[in-house]
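Undergrad:
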Ligand SMILES: C[S@@+](CC[C@H](N)C(=O)[O-])C[C@H]1O[C@@H](n2cnc3c(N)ncnc32)[C@H](O)[C@@H]1O
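What follows is the structure, encoded as structure tokens:
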């Protein structure tokens, strides 16, 4: 069967609209990203070299650049369209950001010249099949500086299938409710988001029985993903935060 909305990350309109709307339409978006920033501050990390995987329009990178004035960042994404939105947003930090266009499964590590002390990702790794998630987690461990942290904020399954389903329906509910608080100047962006979101519903609710392909939303239990991080060698692994479908998991590469 033809994959539903296969090229969604390679449309300029989608990239621009995602940037405008994600903080309103993804439940807990800023809360979860800010939790990562808080942990890094608590760990007294200052001269950070951050690599953001599937960095999209650069929202998390912008926060890191602002919060840590001595930091530099690697932006990694496979979409030219998202990268162009990020380059515009991060223009004033041009000398502190390195852009890498690559698929997660390709040899992006050869383009990293300084070992990252922090690797982050949000709402991106769940597009990989299990084996490729594992390979990416291993690569992150290998690339990371000793003492560095890895964090993945992502759509994940939870303890029971029923709770997972509720989390999916919660997102549907959340997007509908947002209609009432969206400022007038964003109403056409809201409609455009809802149109794309109807494909998400088709993939994850109406056609949930169809086997997932690479690029779909391949949700996996956070416990299994934590086990995988532990097996690889990450220490201090935890679910640092959870809000509905999104979990913030991570761990440290010991000295
Ligand atoms: C839903 S957006 C999230 C963007 C950003 N992390 C955020 O939370 O705002 C997913 C991003 O991951 C990128 N992406 C998805 N699969 C990828 C892959 N296999 N390799 C590299 N980037 C990928 C997409 O191009 C897109 O920019």
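Numbering (this note's numbering), first residue to last: 2 to 256.
Each residue gets a CB set at the ideal place from its N, CA and C atoms; glycine is no exception.
#1: Among 112, 191 and 123, which has the Cα closest to the Cα of residue 250?
#2: Would residue 252 and residue 237 qualify as a contact pair, given that the criterion is a beta-carbon distance under 8 Å?
#3: How many angstroms separate the CA atom of residue 210 from the CA atom of residue 158?
#4: Under a Cβ-count criterion, where at least 16 other Cβ atoms within 10 Å of its own Cβ denotes burial, should residue 181 be classed as buried or exposed?
#5: Do residue 47 and residue 69 have their C-beta atoms within less than 8 Å of each other?
#6: Quick check: is any heavy atom of ligand 1 less than 7 Å from the C-beta of residue 56?
#7: Just checking residue 123 against ligand 1 - is the residue's beta carbon closer than 7 Å to any of the ligand's heavy atoms?
#8: Are the stretch 110-118 and the stretch 137-155 in contact at 8 Å, needing three or more beta carbon pairs?
#9: Residue 248 bridges to which residues according to DSSP?
#10: Smallest Cα separation from residue 41: which of 56, 65 and 32?
#11: Would you say the beta carbon of residue 248 is closer than 7 Å to some non-hydrogen atom of ligand 1?
#12: Looking at residue 23 and residue 51, is the spacing between their C-beta atoms short of 8 Å?
#13: Am I right that residue 80 and residue 16 are in contact with their C-beta atoms under 8 Å? What's the rounded C-beta distance?
#14: Taking just the CA atoms, how far does residue 72 sit from residue 49?
#15: What are the start and end residues of the beta strand (DSSP E) that includes residue 123?
#16: For residue 208, is the classification buried or exposed, using 16 other Cβ atoms within 10 angstroms of its Cβ as the cut-off for buried?
#17: With distances taken Cα to Cα, identify the nearest neighbour of residue 13 among 57, 188, 106 and 162.
#18: Measure how close the beta-carbons of residue 76 and residue 53 come, nearest whole angstrom, since I'm counting them as under 8 Å.
TA: For this structure:
#1: Position 249 of the chain shown, counted from the start, is the residue given in the question as residue 250. Residue 250 has its Cα closest to that of 123, out of 112, 191 and 123.
#2: Numbered from 1 along the chain shown, position 251 holds the residue referred to as residue 252. Numbered from 1 along the chain shown, position 236 holds the residue referred to as residue 237. In contact: residue 252 and residue 237 (Cβ atoms closer than 8 Å).
#3: As a working note, residue 210 is residue 209 in the chain shown. As a working note, residue 158 is residue 157 in the chain shown. If you take the alpha carbons of residue 210 and residue 158, they lie about 15 Å apart.
#4: Looking up residue 181 in the chain shown gives position 180. By the neighbour-count criterion, in which a residue is buried when 16 or more other Cβ atoms sit within 10 angstroms of its Cβ, residue 181 is exposed.
#5: In the chain shown, counting from the first residue as 1, residue 47 sits at position 46. In the chain shown, counting from the first residue as 1, residue 69 sits at position 68. Going by C-beta atoms, residue 47 is nearer than 8 Å to residue 69.
#6: As a first step, residue 56 is located in the chain shown; it is residue number 55 there, counting from the start. True, at least one ligand heavy atom lies under 7 Å from that Cβ.
#7: What you label residue 123 is simply residue 122 of the chain shown in a count that begins at 1. For ligand 1, at least one heavy atom lies less than 7 Å from the Cβ of residue 123.
#8: Counting Cβ pairs under 8 Å, three or more are found: they touch.
#9: Your numbering for residue 248 matches position 247 in the chain shown. Bridge partners of residue 248: 155 and 243.
#10: What you label residue 41 is simply residue 40 of the chain shown in a count that begins at 1. Closest option to residue 41, Cα to Cα, is 65.
#11: As a working mapping, residue 248 is identified with position 247 in the chain shown. Answer for residue 248: no, Cβ out of range of ligand 1.
#12: Along the chain shown, one-based indexing puts residue 51 at 50. Along the chain shown, one-based indexing puts residue 23 at 22. With respect to residue 23, residue 51 sits apart: the two C-beta atoms are not nearer than 8 Å.
#13: For the purposes of this step, residue 80 is taken as residue 79 along the chain shown, with counting starting at 1. For the purposes of this step, residue 16 is taken as residue 15 along the chain shown, with counting starting at 1. Confirmed, about 7 Å.
#14: In the chain shown, the residue the question calls residue 49 occupies position 48. In the chain shown, the residue the question calls residue 72 occupies position 71. Spanning the alpha carbons of residue 49 and residue 72 requires a straight line of approximately 5 Å.
#15: Translated into positions along the chain shown, residue 123 becomes position 122. It spans 119-123 - the beta strand (DSSP E) in which residue 123 sits, taken as one unbroken run.
#16: Position 207 of the chain shown holds residue 208. Exposed.
#17: Within the chain shown, numbered from 1, the residue matching residue 13 stands at position 12. The shortest C-alpha separation from residue 13 is found at 57.
#18: Translated into the one-based positions of the chain shown, residue 76 becomes position 75. Translated into the one-based positions of the chain shown, residue 53 becomes position 52. Residue 76 to residue 53, Cβ: 6 Å. Contact.
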